[in-house]
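Read left to right, the sequence shown gives residues 1297 to 1854 (our numbering).
Everything on this sheet refers to the single structure shown next.
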Amino acid sequence: MTQLITPLEPLTFPLTGSHLIEASAGTGKTFTITALYVRLVLGHGNACGEGKAFANARPLAPPEILVVTFTDAATRDLRSRIRTQLAEAAEYFRKNPDNTPNLPKGQDFLHDLRSDFSPDSWAGCAYKLQLASEWMDESAVSTIHGWCNRMLREHAFDSQSLFTRSMETDQAEPLAETIRDYWRNHYYPLSTQDIAQVTAYWSDPPALEKKILPLLKHVNLLPSAEAPEQILQQTRTSMTITLGTLKEPWNNWTDELEILFQNATDKKRINLKKFREQYYKPWLAKIRDWAGSPEQKALDIGKGWERLTPEGMAEIWIDGPPPVHPAFENLPRLQKALNNLPDAYENLLTHATHWVSSRFSATQKKRALMGFDDLLTDLDAALASENGERLARMIRTQFPVALIDEFQDTDPVQYRIFDRIYEIAKNRSDCALILIGDPKQAIYAFRGADVHTYLKARKSVQERLYSLGTNYRSTKDMVSASNRCFEFIESKETGNGAFLFRDGKHNPVPFHPVRAKGRDDRFLVDNQVIPALTAAIPSPADNMPFSIGTYLDTFSEI
1297 MTQLITPLEP
1307 LTFPLTGSHL
1317 IEASAGTGKT
1327 FTITALYVRL
1337 VLGHGNACGE
1347 GKAFANARPL
1357 APPEILVVTF
1367 TDAATRDLRS
1377 RIRTQLAEAA
1387 EYFRKNPDNT
1397 PNLPKGQDFL
1407 HDLRSDFSPD
1417 SWAGCAYKLQ
1427 LASEWMDESA
1437 VSTIHGWCNR
1447 MLREHAFDSQ
1457 SLFTRSMETD
1467 QAEPLAETIR
1477 DYWRNHYYPL
1487 STQDIAQVTA
1497 YWSDPPALEK
1507 KILPLLKHVN
1517 LLPSAEAPEQ
1527 ILQQTRTSMT
1537 ITLGTLKEPW
1547 NNWTDELEIL
1557 FQNATDKKRI
1567 NLKKFREQYY
1577 KPWLAKIRDW
1587 AGSPEQKALD
1597 IGKGWERLTP
1607 EGMAEIWIDG
1617 PPPVHPAFEN
1627 LPRLQKALNN
1637 LPDAYENLLT
1647 HATHWVSSRF
1657 SATQKKRALM
1667 GFDDLLTDLD
1677 AALASENGER
1687 LARMIRTQFP
1697 VALIDEFQDT
1707 DPVQYRIFDR
1717 IYEIAKNRSD
1727 CALILIGDPK
1737 QAIYAFRGAD
1747 VHTYLKARKS
1757 VQERLYSLGT
1767 NYRSTKDMVS
1777 ASNRCFEFIE
1787 SKETGNGAFL
1797 FRDGKHNPVP
1807 FHPVRAKGRD
1817 DRFLVDNQVI
1827 PALTAAIPSP
1837 ADNMPFSIGT
1847 YLDTFSEI
């Protein structure tokens, strides 16, 4: 089942409840944000999206409209664009209607917006818009980190945070020192045997740091773990028991196999081109050595892993049915078991991550310092605390409307923050949360962004899903070529769809083609029109990553 998506009309888009807007590149996302901002300042529209000025729709001031994006540059640009749109709208409301053309509905946003208000209210609307434009320096247009920092400061009592904390933009050295402390506290006291095991995983504190860093943001999802000394002891005990059980039958089995193979060779019951003494005797000798060495873990018998199996015997046996022996049935299981022997790596890393996270957080609080990630995690923790409901209510009252730009780059912590405040699935009527993004542009997985967070939000808004369906930036040929590529892959009955999320009939991220209303330019070479999109297919394509290879294989069919 594919989720229904509604084309967005800026003038009638509902301004209460929770909604998700999918906006591909060049489809007027910034214009839409500024248009909605103008409507909010005027108190235009209601939850039903009927597009009229209602008495119960309270006009909002810029400090009450939260707009979140993800970089300082984007924040400055968005604030400037909103200021400009507010000023232009104010000027339009001041114009004499006799000096403005009577345009068809849907052709000009400001024309249609003004027509929803009675003429005797236009002067008041212009005043509100002009005032809001001049008020934009105090608007709530901010990065996610900047906004979280502000909430922790302004609601210090309810968030249980310090009133004065210094921002530490580079936390690399304090974190490295914490990891060195962990190494000194937990690894120096270990026995020679245990420290040898630890340094086989990570040779020094910097190597451990590389493993810990990606896990710190997700430390709450990790299970608990005992101290390294206990982990290593338990692993050794489990290893001894496991290896003993695995090795126990193989001394006898190798003797039996050698007799079986010798008899079969003498009686020419085996294909001697594929199976000879110089093949199987070294295999059996290695198995004997391994079985006779209690602590030896690895076993390398090369092609013997495939040959000493029921299938391998059937291939080389030429006289009568192939022999049946428990060794043939158990060898594949042995190989799998040796690849999954008890290992301390994950538990050691889990313990280290928990300890470093806790110690580093405690040290930062003691020194009244915080980093960018602390801004998010501290507000997230405050909203999850006993006082979290009161804090969420206060923030929701302070910002009755929030627009989250570039939502595809949101990580799970950021999503939890907005979900706890605005309760996305409940579709509250006393506030609005408008998420704007495009999963096709989710490129920040390396810094924690998670497209599955986007999919969770998409599911939570249910039918309250909108799209901007017209590209105003690219040439018509480029839009057409892009649509053709994605539509072709999406239409194939097999496979995972254009964005590799389809599972049978369920497709959480279907491809929706966009219309073209951009440039009419065409690319010419020697006065000949050149295709807007040309794919150079490397050979062989088998060496390409899966997703790239899939598209390259498909281009030749389009």
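All C-beta atoms, glycine included, are put in the ideal place defined by N, C-alpha and C.
Check: Return the first residue and the last residue of the beta strand (DSSP E) that L1362 is part of.; Outcome: 1361 to 1365
Check: T1538 lies in the alpha helix (DSSP H); which residues open and close that run?; Outcome: 1524 to 1543
Check: Which one or two residues does DSSP pair with I1317 in a beta bridge?; Outcome: I1732, Y1762
Check: Give the DSSP-derived three-state secondary structure of P1355 in the structure shown.; Outcome: coil
Check: What did DSSP end up calling Q1710 once you bin it into helix, strand or coil?; Outcome: helix
Check: From which residue to which residue does the alpha helix (DSSP H) around A1436 run?; Outcome: Run containing A1436: none in the alpha helix (DSSP H); it sits in the beta strand (DSSP E), 1436 to 1439.
Check: I believe K1325 touches I1785 by the beta-carbon criterion, under 8 angstroms. Please report the beta-carbon distance rounded to the nearest angstrom.; Outcome: Not really, about 25 angstroms apart at Cβ, beyond 8 angstroms.
Check: Take L1751 as the anchor and find which of V1364, V1805, S1787, R1712 has the nearest alpha-carbon.; Outcome: V1805
Check: Using CA coordinates, which residue listed in H1748, A1452, V1334 is at the minimum distance from Y1423?; Outcome: V1334
Check: Which stretch, first to last residue, makes up the alpha helix (DSSP H) that contains V1810?; Outcome: Looking at the DSSP string, V1810 is not in any alpha helix (DSSP H), and its letter there is neither H nor E.
Check: Which one or two residues does DSSP pair with Q1263 in a beta bridge?; Outcome: The structure shown does not extend to residue 1263, since the chain spans only 1297 to 1854, so no value can be given for it.
Check: In the DSSP assignment, what residue or residues form a beta bridge with I1700?; Outcome: V1364, L1731
Check: Taking the DSSP output, what are the residues bridged to N1767?; Outcome: A1812
Check: Report buried or exposed for E1702, applying the criterion of at least 16 other Cβ atoms within 10 angstroms of its Cβ.; Outcome: buried
Check: Return helix, strand or coil for I1566, following the three-state DSSP convention.; Outcome: strand
Check: Whose C-beta lies closer than 8 angstroms to the C-beta of Q1426 among residues of the same chain, with five residues either side of it excluded?; Outcome: L1382, A1383, A1386
Check: Could you give the C-beta distance for H1340 and L1409, rounded to a whole number, given that I count them as a contact under 8 angstroms?; Outcome: 7 angstroms
Check: Excluding sequence positions up to five away, which residues of its chain have a Cβ less than 6 angstroms from the Cβ of R1565?; Outcome: D1615
Check: Using the Cα positions of S1320 and I1720, report the straight-line distance between them to the nearest angstrom.; Outcome: 22 angstroms
Check: Go ahead and pull the three-state DSSP assignment for L1307.; Outcome: coil
Check: Is the distance from the Cβ of T1605 to the Cβ of P1628 below 8 angstroms?; Outcome: yes
Check: On the DSSP bridge assignment, give the partners of H1802 in chain order.; Outcome: D1799
Check: What separation, rounded to the nearest whole angstrom, lies between the Cα atoms of E1682 and D1715?; Outcome: 17 angstroms
Check: With DSSP run on the structure shown, which of helix, strand or coil describes T1790?; Outcome: coil
Check: Going by Cα to Cα distance, which pick from R1372, A1370, T1371, S1417 is closest to K1391?; Outcome: S1417
Check: If you follow the alpha helix (DSSP H) that E1625 is in, where does it begin and where does it stop?; Outcome: 1622 to 1634
Check: Measuring alpha carbon to alpha carbon, tell me which of T1365, P1359, L1829, T1302 ends up nearest I1329.; Outcome: T1365
Check: Tell me H1650's beta-bridge partners as DSSP assigns them.; Outcome: DSSP, once it has assigned bridges, lists no residue as partnering H1650.
Check: If contact is defined by three or more beta carbon pairs under 8 angstroms, each pair taking one atom from either stretch, is the segment 1638 to 1654 in contact with the segment 1497 to 1516?; Outcome: yes
Check: Tell me whether the beta-carbon of L1528 lies closer than 8 angstroms to the beta-carbon of Q1493.; Outcome: yes
Check: Looking only at its own chain, which residues have a Cβ that is under 8 angstroms from the Cβ of Y1711, when we skip the five neighbours before and after it?; Outcome: T1749, K1752, A1753
Check: In terms of residues, what are the limits of the alpha helix (DSSP H) holding P1470?; Outcome: 1468 to 1482
Check: What are the partner residues of T1302, as DSSP defines its beta bridges?; Outcome: Y1762
Check: DSSP state of W1613, grouped into three classes?; Outcome: strand
Check: Smallest Cα separation from K1401: which of A1594, E1305, G1608?; Outcome: E1305
Check: Would A1728 and G1313 be called neighbours here (beta carbons separated by less than 8 angstroms)?; Outcome: yes
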